[in-house]
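Position one of the sequence shown corresponds to residue 91 (the numbering used here), numbered consecutively onward.
Backbone N, C-alpha and C define an ideal beta-carbon position, used for all residues, glycine too.
Computed from a predicted model, the values in this text were never measured in an experiment.
Please read the structure below before turning to the comments.
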Amino acid sequence: MARAYGVDLRKRVVEAIEEGLSTREAARRFSIGISTSGAWYREWRSSGRLEPGRQGKPKLSKLDAHEAFILAPVDTDERDITLAEIAERLEAERGVKAGVTTVHEFFAKRGITYKKRQRMRSNSSARTFWRREKTGSTDNSISTRAA
């Protein structure tokens, strides 16, 4: 993962723009992107902050606070509940809007998976492979002849 630019460079870019350079000219002078210099200057003007923000995904999920509520149906006889139904229940009973992907990531982070069984047995009389050789061919024969 790439690292953020340092505060010293950010400070020099903002100072150059304050002295009268345009964001394009400052970007060219310091060999950075035009949108980067503009974003740094806007951030400095609005909040006075030059430090880079945190990079990467957030460690916490908005569902972490509702862990017991989410895991309750899974631990009981309601094991057949879907991720979409969990998301709907969260919104209805707790007022937390979460998509199916967010609920899936919540379970994946805890290593919880549930594979449903097939509803009926597979048909054992169905062909499971296609034979390429002709009937009576010995191309794929595993028997050996006595010499």
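Could you tell me which of the options sits nearest to residue i, measuring between CA atoms?
i, options, result
"Arg-102", "Ala-92, Arg-118 and Gly-201", "Arg-118"
"Gly-128", "Ser-112, Gly-138 and Ser-121", "Ser-112"
"Phe-196", "Glu-175, Lys-152 and Asp-165", "Lys-152"
For residue i, count neighbouring Cβ atoms within 10 angstroms of its own Cβ and tell me buried if that reaches 16, exposed if not.
i, result
"Ile-202", "exposed"
"Val-193", "buried"
"Glu-109", "exposed"
"Leu-180", "buried"
"Leu-150", "exposed"
"Ala-188", "buried"
Along the alpha helix (DSSP H) that carries residue i, what are the first and last residues, could you check?
i, result
"Thr-271", "The question about residue 271 has no answer, for the chain in this structure spans 91 to 237."
"Thr-113", "113–120"
Taking residue i and residue j to be in contact with their CB atoms under 8 Å, please state how far apart those CB atoms are, rounded to whole angstroms.
i, j, result
"Leu-140", "Arg-100", "5 Å"
"Val-104", "Trp-130", "6 Å"
What ranges does the alpha helix (DSSP H) occupy inside the region 130–165, keeping only unbroken runs of at least 4 residues that lie completely in it?
157–165
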